[in-house]
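K.L.:
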Amino acid sequence: MEVAVQGDALVVTVPAEMAGAPCREVLRALSLPEGFIRRLFQDGAVRVGRAAAHPDDSLVPGQRVRIAGGVEEDEPLLERIPEGASGWPPVEVLFEDDHQLVVHKPAGVLVHPGGPEDSDTMAHRVAWYLQWQGLRRRARHVHRLDRDTTGALVYAKHAYAARALDQQLADGALTRVYWALAAGRLVPDSGVIDAPIGRDRHVAGRYRVSPGGKPARTEYATLVAVRQANGWVSLVECRLDSGRTHQIRVHLASRGCPVVGDVLYGGGPGAGAIRWPGGHALHARWVAFHHLYSGRRIEVEAPLPEAFATVLERLELWPR
Numbered sequence: 001m002e003v004a005v006q007g008d009a010l011v012v013t014v015p016a017e018m019a020g021a022p023c024r025e026v027l028r029a030l031s032l033p034e035g036f037i038r039r040l041f042q043d044g045a046v047r048v049g050r051a052a053a054h055p056d057d058s059l060v061p062g063q064r065v066r067i068a069g070g071v072e073e074d075e076p077l078l079e080r081i082p083e084g085a086s087g088w089p090p091v092e093v094l095f096e097d098d099h100q101l102v103v104h105k106p107a108g109v110l111v112h113p114g115g116p117e118d119s120d121t122m123a124h125r126v127a128w129y130l131q132w133q134g135l136r137r138r139a140r141h142v143h144r145l146d147r148d149t150t151g152a153l154v155y156a157k158h159a160y161a162a163r164a165l166d167q168q169l170a171d172g173a174l175t176r177v178y179w180a181l182a183a184g185r186l187v188p189d190s191g192v193i194d195a196p197i198g199r200d201r202h203v204a205g206r207y208r209v210s211p212g213g214k215p216a217r218t219e220y221a222t223l224v225a226v227r228q229a230n231g232w233v234s235l236v237e238c239r240l241d242s243g244r245t246h247q248i249r250v251h252l253a254s255r256g257c258p259v260v261g262d263v264l265y266g267g268g269p270g271a272g273a274i275r276w277p278g279g280h281a282l283h284a285r286w287v288a289f290h291h292l293y294s295g296r297r298i299e300v301e302a303p304l305p306e307a308f309a310t311v312l313e314r315l316e317l318w319p320r
């Protein structure tokens, strides 16, 4: 199905296989939620030619269905790039088309601002990047990474893509795979940590496994483990079925294997006797999702940061 962004709208060219189908089927093919589809028709946002469309209107191949209002303009940012912002363009792009963007998030950068003092976040950098391309388009992150977590971060480049990717995230079709350096060795080497997570009332900004918390499920597999003079260090691959704040960090720490460098959860500078440069050793290694309009599976790999790769090489932790 051919889908293009034109101005503030998506324009869908009706394919031959949808001949005679009701107009609502085009919007369903965009992976939009049913309630949202109904509102679009009620608001007159769906048009075929110059006329407002009805959900039951029969489609003809080659017709263009225009769905307005899904592409938001962002405020101009190019003239106020903060001094010291690293590199240009300000993001490393791993995958991009008109609808989706996957970038490599570096350590030490927030995904979005928490207040006016946060002037160099991934939200700013992605906005700068799009405007550098001549696009005043507001992109939205589909999931989050902690400040010091590196790796693949998915953005939707318009509101309709955001709705569809949110649905994939909820359905488990958007897959996220992380690599963590853990201080210790998990027993068993692979399995599932299914333990609810809630706020730690005793330490600000910290979370813990708590019976009254929100459901959280992490699949893990130890890829390599090596014994050091003062204990084990493991390279652990984790897949998230949910996306709670600090989920992998909390779950691994709850098994006595905190992420190396994660001071908040017990993986401080000396954990695992690794010379770690700062922050924590957690990397979003892969993301995978269905392309919103072609249906093909998109798999994106984020290269390891130099410090992470160096430690794997030095400790012979690279998977064989």
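Take 1 as the starting number for the sequence shown in full-length UniProt numbering and just add one per residue.
Beta carbons: idealized from backbone N, C-alpha and C, even for Gly.
Per the contact definition of three or more C-beta pairs closer than 8 angstroms, is the stretch 96-105 in contact with the stretch 291-308?
P.N.:
yes
K.L.:
Starting from the C-beta of L32, find all residues in its chain whose C-beta is less than 7 angstroms away, skip the five residues before and the five after it, and write them out in chain order.
P.N.:
Y160, R163, A164
K.L.:
Nearest by alpha-carbon distance to M1: which of G7, R125, E17, A9 is it?
P.N.:
E17
K.L.:
Can you name the start and end residues of the alpha helix (DSSP H) that T310 belongs to?
P.N.:
Note, T310: alpha helix (DSSP H), 306-314.
K.L.:
For Q6, name the three-state secondary structure that DSSP assigns.
P.N.:
strand
K.L.:
How do the stretch 171-191 and the stretch 120-136 stand: do at least 3 beta-carbon pairs fall below 8 angstroms, yes or no?
P.N.:
no
K.L.:
Which residues in the same chain have their Cβ closer than 7 angstroms to the Cβ of E92, if we skip the five residues on either side of it in sequence?
P.N.:
V103, H104
K.L.:
Grab the span of the alpha helix (DSSP H) containing residue 390 for me, first residue to last.
P.N.:
With the chain covering 1 to 320 only, the question about residue 390 has no answer from this structure.
K.L.:
Is DSSP giving V14 helix, strand or coil here?
P.N.:
coil
K.L.:
By the DSSP assignment, the beta strand (DSSP E) with Q133 in it spans what residues?
P.N.:
Annotation: Q133 is outside any beta strand (DSSP E) and is labelled neither H nor E by DSSP.
K.L.:
Can you name the start and end residues of the alpha helix (DSSP H) that L40 belongs to?
P.N.:
Element bounds for L40: 34-42.
K.L.:
Compare the beta carbon distance of V226 and V236 with 8 angstroms and say whether it is the shorter of the two.
P.N.:
no
K.L.:
Using 8 angstroms as the cut-off, can you tell me whether the stretch 210-228 makes contact with the stretch 286-297, which would need three or more C-beta pairs spanning the two stretches below that distance?
P.N.:
no
K.L.:
From what residue to what residue does the alpha helix (DSSP H) around E25 run?
P.N.:
24-29
K.L.:
Since A152 and A281 are thought to touch, with beta carbons under 8 angstroms apart, how far apart are those beta carbons, to the nearest angstrom?
P.N.:
Actually they do not touch by this definition, with Cβ atoms about 16 angstroms apart.
K.L.:
With H, G and I counted as helix, E and B as strand and the rest as coil, what does DSSP make of L264?
P.N.:
helix
K.L.:
Which partner residues of S190 appear in the DSSP bridge assignment?
P.N.:
A221
K.L.:
Among the residues of its own chain, which have a CB less than 6 angstroms from the CB of L264, if the five just before and after it don't count?
P.N.:
Cβ within range, chain order: R206.
K.L.:
If you reduce the DSSP assignment to three classes, tell me which class S242 lands in.
P.N.:
Coil at S242, not helix or strand.
K.L.:
Thinking just about the alpha-carbon of each residue, which of G278, P22, Y220, G69 is nearest to the one in R138?
P.N.:
G69
K.L.:
Is the beta carbon of A216 sitting closer than 8 angstroms to the one on H251?
P.N.:
yes
K.L.:
In the DSSP assignment, what are the bridge partners of A152?
P.N.:
Bridge partners of A152: H104.
K.L.:
Am I right that G213 and G198 are in contact with their C-beta atoms under 8 angstroms? What's the rounded C-beta distance?
P.N.:
Confirmed, about 3 angstroms.
K.L.:
Does R249 come out as helix, strand or coil in the three-state DSSP assignment?
P.N.:
helix
K.L.:
By Cβ distance, which residues of its chain are closer than 6 angstroms to V11, with the 5 residues on each side in sequence left out?
P.N.:
A4, R64, R66
K.L.:
Using 10 angstroms around the beta-carbon of V311, count the other beta-carbons present and answer buried if the total reaches 16, otherwise exposed.
P.N.:
buried
K.L.:
How would you call residue 322, buried or exposed, if buried means at least 16 neighbouring beta carbons within 10 angstroms?
P.N.:
As displayed, the chain neither begins before 1 nor continues past 320, which places residue 322 out of reach and without an answer.
K.L.:
Between the C-alpha atoms of W132 and P90, what's the straight-line distance to the nearest angstrom?
P.N.:
Rounded to whole angstroms, W132 to P90 spans 10 angstroms at the Cα level.
K.L.:
Name the DSSP beta bridge partners of S58, please?
P.N.:
P22
K.L.:
Cutting at 6 angstroms between CB atoms, please list the residues of its own chain near S58, excluding the five before and the five after it.
P.N.:
G20
K.L.:
Take the Cβ of G44 as the centre, count every other Cβ of all protein chains shown within 10 Å, and call the residue buried at 16 or more, exposed below.
P.N.:
exposed
K.L.:
Which of helix, strand or coil does DSSP assign to A180?
P.N.:
strand
K.L.:
Does DSSP put R296 in a helix, in a strand, or in coil?
P.N.:
In the structure shown, R296 adopts coil according to DSSP, grouped into three states.
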